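First up is the structure itself, then whatever we jot down about it.
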Amino acid sequence: MSTKSKTIVSTEQSQSAQKQAKFYIITYGCQMNSYDSQLMSSILEKEGYHRAQSIDQADIIIINTCSVREHAVNRAISRVESLKPLKKKNPQIRIGITGCIPQQMKNSLLEKLPFIDFILGPDNFQEIASCAKDTNGIFTDFKESLIYSKYAPPARGNFPEAFVAVMRGCNNFCSYCVVPYTRGKEKSRSIDDICHEVNILSKKGYKRVILLGQNVNNFNDTGKRLPYLLSKIVRIKGIERIGFLTSHPAYFPLETIDIMKDEPKIEKFLHLPLQSGSSKILKLMKRNYTKSSYISIIEKVRNKIDDIFLSTDIIVGFPGESEDDFSETIEIIKKISFDSAYMFIYSPRRFTLANSFNDFIGKEVKNQRLRELIRVQSEITKKKSKAYKGKILDILITGKNKKNYLESIGISVYNKIVVVKEQINKGEIVKVSINDVKGWTPIGEIFSRKGDIKRKKVRN
Ligand code: SAH
Ligand code: SF4
Ligand code: F3S
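Counting from 818, one number per residue, gives the positions in the sequence shown under my numbering.
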């Protein structure tokens, strides 16, 4: 039954072999990378390839990678190395590395992993079909314009939620960050193109779209900005929830919050990476805002939507971060009281400005700061989660509760993940009354389904 012998003899045979060939994609990194993996799947499926259910059934293995921190690179590279015996046993298998690591490492990646057939940077996914077939090599040219319009991804896998990239790249060059070097300059898609993709998703029954950009508030289609794009997407029938990621505090127009407030379909959720609570460190990071200007944005946002769900990213151990700087971070975390935070130890990256900064902070100090930050934030997240008790929320069901298949999980318009004590189909929106909170997770029972006459379910 194996289809691994993809020997190309004649065009006819080659086409039929190609029809049967199966691909498997392993994805690391951010939401944009998940989107890109869907994009590659879409291109390959259009060419007649099929998805393999597991890696050992695959003729083509693609590892879509992230290089934002050293740890992410090591993890992806050791996964690739683990495929070497597979390739040795069956040299017909084609293995490729895609995404941010190839873009950063280029030739040196193939020198390190010579059994790899091809590597593709984030602007070169259109080559995936020929690489899957028989083209070997390195494809890492940045493209001036966006080239993926015709491959609207089918976004399978996460139903009823889908990512939609609305722009790619980043012009900011924060001093620690590799992304501008791996993703190139900012490029926005056209609004027509985006709406076309969201329409396809809606026809397939998707209910939630998350608009993606490294710096999504810089979205600009010939002068039309993110609020305008959002106003178009809210009109697409069938799409009930719309979110967007990631906003940059230095380029955050408050009109975005106005439309968030006025449109019930737009999620009351803002991810606004702070990175550090010290203005001295923010300057070294080249973030273009200060501690007080960040606090002022949060105040303005909360004046408009007081219970908005706020999340952030924090880096500890950036070169030059003193105990006082770190204390300022802890202070602002407590003051703002974020609903959630992603927290990292600074990782020096090649090409970036901060890579040349003197880094005198010891490993143990960095670890200790991260532990302390996580401890403080966990308490805050727990406290904020407890406040959900007694609320009645509209929950979009996104799947089964993996810990108990008789229960479902879903998400509120405030981006809060909730357990619902009943089996409900994915994509349904139900009114849930929260009567318990375990750790960070509110747990509820059905109050009513959409369209139902409001009913309170009585349970024994
Ligand atoms: N575009 C987004 C974030 C992209 S990377 C923004 O500007 O906010 C996601 C997060 O990874 C960043 O917010 C930052 O907190 C973290 N990060 C990026 N480079 C890093 C590095 N060199 N070391 C540690 N964390 C890093
Ligand atoms: Fe990286 Fe800064 Fe761009 Fe975010 S805004 S992707 S942190 S350079
Ligand atoms: Fe990683 Fe590239 Fe995303 S470096 S965070 S996969 S843009």
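We put the beta carbon where it would ideally sit given N, CA and C, even for glycine.
What you are looking at is a predicted structure, and each value in this text was computed from that prediction instead of being measured.
1. Excluding the 5 residues preceding and the 5 following Lys1078 in the sequence, name in chain order all residues of the same chain whose CB lies nearer than 7 Å to its CB.
2. Determine the direct distance from the alpha carbon of Asn924 to that of Phe942, and round the result to whole angstroms.
3. Specify whether the stretch 1144 to 1159 and the stretch 964 to 978 touch according to this definition: at least 3 beta carbon pairs, one from each stretch, less than 8 Å apart.
4. Buried or exposed for Phe1168, please, with buried defined as at least 16 other CB atoms from any protein chain shown within 10 angstroms of its CB.
5. Which residues share a DSSP beta bridge with Asn881?
6. Taking the C-alpha atoms as reference points, what is the distance between Val1236 and Ser1250?
7. According to DSSP, is Ile1074 part of a helix, a strand, or is it coil?
8. How is the alpha helix (DSSP H) around Phe1143 delimited, first residue to last?
9. For Asn1105, which residues in the same chain have their Cβ closer than 6 Å to its Cβ, ignoring the five residues on either side in sequence?
10. Skipping 5 residues on each side, what residues in its chain have a beta carbon closer than 7 Å to that of Ser1007?
11. From this set, Ser1202, Val1230 and Ala1204, which residue's C-alpha is nearest Thr1215's C-alpha?
12. If I measure Cβ to Cβ from Asn1172 and keep anything under 7 Å in the same chain, skipping five residues before and after, which residues do I get?
13. Helix, strand or coil: how does DSSP classify Asp1079 here?
14. Taking Asp1130 as the reference, give the member of Glu1084, Ile877 and Leu1190 with the closest Cα.
15. Between the C-alpha atoms of Asp1141 and Ser1109, what's the straight-line distance to the nearest angstrom?
16. Got a sec: does the ligand SAH put a non-hydrogen atom nearer than 6 Å to the Cβ of Ser1164?
17. Mind checking whether the beta-carbon of Pro997 lies closer than 6 Å to any heavy atom of the ligand SF4?
18. Would the stretch 1173 to 1190 and the stretch 1216 to 1230 be scored as touching if the rule is three or more Cβ pairs under 8 Å?
19. Bridge partners for Asp1253 per DSSP, in chain order?
20. So that I know if they touch, is there some Cβ in chain C lying closer than 7 Å to that of Arg1104?
21. To the nearest angstrom, report how far apart Arg1272 and Leu937 are at their CA atoms.
22. Could you tell me the boundaries of the beta strand (DSSP E) in which Lys1100 lies?
23. Determine the closest residue to Ser1195 out of Arg1000, Ser1154 and Ser895, with distance taken between C-alpha atoms.
24. Under the criterion of a Cβ to heavy atom distance below 6 Å, does His1088 qualify as lining the ligand SF4?
25. Tell me the rounded alpha-carbon separation between Ile1059 and Val1051.
26. Would Gln848 be called buried (16 or more neighbouring beta carbons within 10 Å of its own) or exposed?
27. Does the ligand SF4 have a heavy atom nearer than 6 Å to the CB of Asn850?
28. Which first and last residues belong to the beta strand (DSSP E) in which Val897 is found?
29. Taking buried to mean at least 16 other C-beta atoms within 10 Å of its own C-beta, is Asp876 buried or exposed?
30. In angstroms with no decimal places, state the Cα-to-Cα distance between Ala1158 and Ser859.
31. Could you give the distance in angstroms between the alpha-carbon of Leu1089 and the alpha-carbon of Pro902?
32. Does the stretch 988 to 998 come close enough to the stretch 1089 to 1103 to have 3 or more Cβ pairs within less than 8 Å?
33. Please state whether DSSP places Arg985 in a helix, a strand or coil.
34. Give a single yes or no on whether Gln920 has its beta carbon closer than 6 Å to a heavy atom of the ligand GDP.
With the given structure in hand:
1. Locating residue 1078 in the sequence shown gives position 261, where the first residue counts as 1. So the list reads Lys1121 and Ile1122, once near-sequence residues are dropped.
2. Counting from 1 along the sequence shown, the entry for residue 942 is found at position 125. Counting from 1 along the sequence shown, the entry for residue 924 is found at position 107. Looking at the backbone, the Cα of Phe942 and that of Asn924 are separated by about 18 Å.
3. Output reads no: the stretch 964 to 978 does not touch the stretch 1144 to 1159.
4. Locating residue 1168 in the sequence shown gives position 351, counting from the first residue. Per the 10 Å Cβ criterion, exposed.
5. Along the sequence shown, one-based indexing puts residue 881 at 64. For Asn881, DSSP records a beta bridge to Thr844 and Thr915.
6. As a working note, residue 1236 is residue 419 in the sequence shown. As a working note, residue 1250 is residue 433 in the sequence shown. C-alpha separation (whole angstroms): 11 Å.
7. Walking along the sequence shown from the start, residue 1074 turns up at place 257. In the structure shown, Ile1074 sits in a helix (DSSP, three-state: H, G or I).
8. What you label residue 1143 is simply residue 326 of the sequence shown in a count that begins at 1. Taken as a continuous stretch (DSSP letters only), the alpha helix (DSSP H) holding Phe1143 covers Glu1140 to Ile1153.
9. Translated into the one-based positions of the sequence shown, residue 1105 becomes position 288. Contacts found: Ala1067.
10. Taking the first residue of the sequence shown as 1, we reach residue 1007 at position 190. So the qualifying residues of the chain are Asp1038.
11. If you number the sequence shown from 1, residue 1215 lands on position 398. When each option's Cα is compared against that of Thr1215, the closest is Val1230.
12. To locate residue 1172, count along the sequence shown from 1; it is residue 355. Take Asn1172, set aside five residues on each side of it, and the residues of its chain with a beta-carbon closer than 7 Å to its own are Pro1165 and Arg1166, in chain order.
13. Your numbering for residue 1079 matches position 262 in the sequence shown. In this structure, Asp1079 counts as helix in the three-state DSSP scheme.
14. Numbered from its first residue, the sequence shown carries residue 1130 at position 313. Among Glu1084, Ile877 and Leu1190, the Cα nearest to that of Asp1130 is on Leu1190.
15. Along the sequence shown, one-based indexing puts residue 1141 at 324. Along the sequence shown, one-based indexing puts residue 1109 at 292. Between the alpha carbons of Asp1141 and Ser1109 lies a distance of about 16 Å.
16. The residue given as residue 1164 occupies position 347 in the sequence shown. Yes, the Cβ of Ser1164 comes within 6 Å of a heavy atom of the ligand SAH.
17. Translated into positions along the sequence shown, residue 997 becomes position 180. Because some heavy atom of the ligand SF4 lies under 6 Å away, the Cβ of Pro997 counts as near it: yes.
18. Verdict: no, contact absent.
19. Locating residue 1253 in the sequence shown gives position 436, where the first residue counts as 1. The partner list for Asp1253 (beta bridge, DSSP) reads Ile1260.
20. Absent from the structure: chain C. Only one protein chain is present.
21. Taking the first residue of the sequence shown as 1, we reach residue 1272 at position 455. Taking the first residue of the sequence shown as 1, we reach residue 937 at position 120. Low per-residue confidence applies at Arg1272: pLDDT is 40, beneath 50, and the placement is therefore not dependable, though the value from the model is reported in the following sentence. Their backbone Cα atoms lie some 54 Å apart in a straight line.
22. Position 283 of the sequence shown, counted from the first residue, corresponds to residue 1100. No beta strand (DSSP E) holds Lys1100; the alpha helix (DSSP H) holding it covers Ser1096 to Leu1101.
23. The sequence position of residue 1195 within the sequence shown is 378, counting from 1. Relative to Ser1195, the option among Arg1000, Ser1154 and Ser895 whose CA is nearest is Ser1154.
24. Here residue 1088 refers to the residue found at position 271 when the sequence shown is read from its first residue. Not a single heavy atom of the ligand SF4 lies less than 6 Å from the C-beta of His1088.
25. On the sequence shown, residue 1059 is found 242 positions in, with the first residue counted as 1. On the sequence shown, residue 1051 is found 234 positions in, with the first residue counted as 1. So the alpha carbons of these two residues sit roughly 8 Å apart.
26. As a position in the sequence shown, residue 848 is number 31, starting the count at 1. With fewer than 16 other Cβ atoms within 10 Å, it is exposed.
27. As a working mapping, residue 850 is identified with position 33 in the sequence shown. Asn850 Cβ: outside cutoff for every heavy atom of the ligand SF4.
28. Here residue 897 is taken as the residue at index 80 of the sequence shown, counted from 1. First-last for Val897: Glu887 to Glu898, but that is the alpha helix (DSSP H), not the beta strand (DSSP E).
29. In the sequence shown, the residue the question calls residue 876 occupies position 59. Around the Cβ of Asp876, a 10 Å sphere holds 16 or more other Cβ atoms; the residue is buried.
30. Here residue 1158 refers to the residue found at position 341 when the sequence shown is read from its first residue. Here residue 859 refers to the residue found at position 42 when the sequence shown is read from its first residue. Looking at the two C-alpha atoms, the distance is approximately 32 Å.
31. Counting from one through the sequence shown, the residue named residue 1089 turns up at place 272. Counting from one through the sequence shown, the residue named residue 902 turns up at place 85. Straight-line Cα distance between these residues: approximately 43 Å.
32. Judged by Cβ distances under 8 Å, the stretch 988 to 998 makes contact with the stretch 1089 to 1103, as three or more pairs qualify.
33. The residue you call residue 985 lines up with position 168 of the sequence shown. It is a strand residue.
34. Ligands displayed in this structure: the ligand SAH, the ligand SF4 and the ligand F3S; the ligand GDP is not among them.
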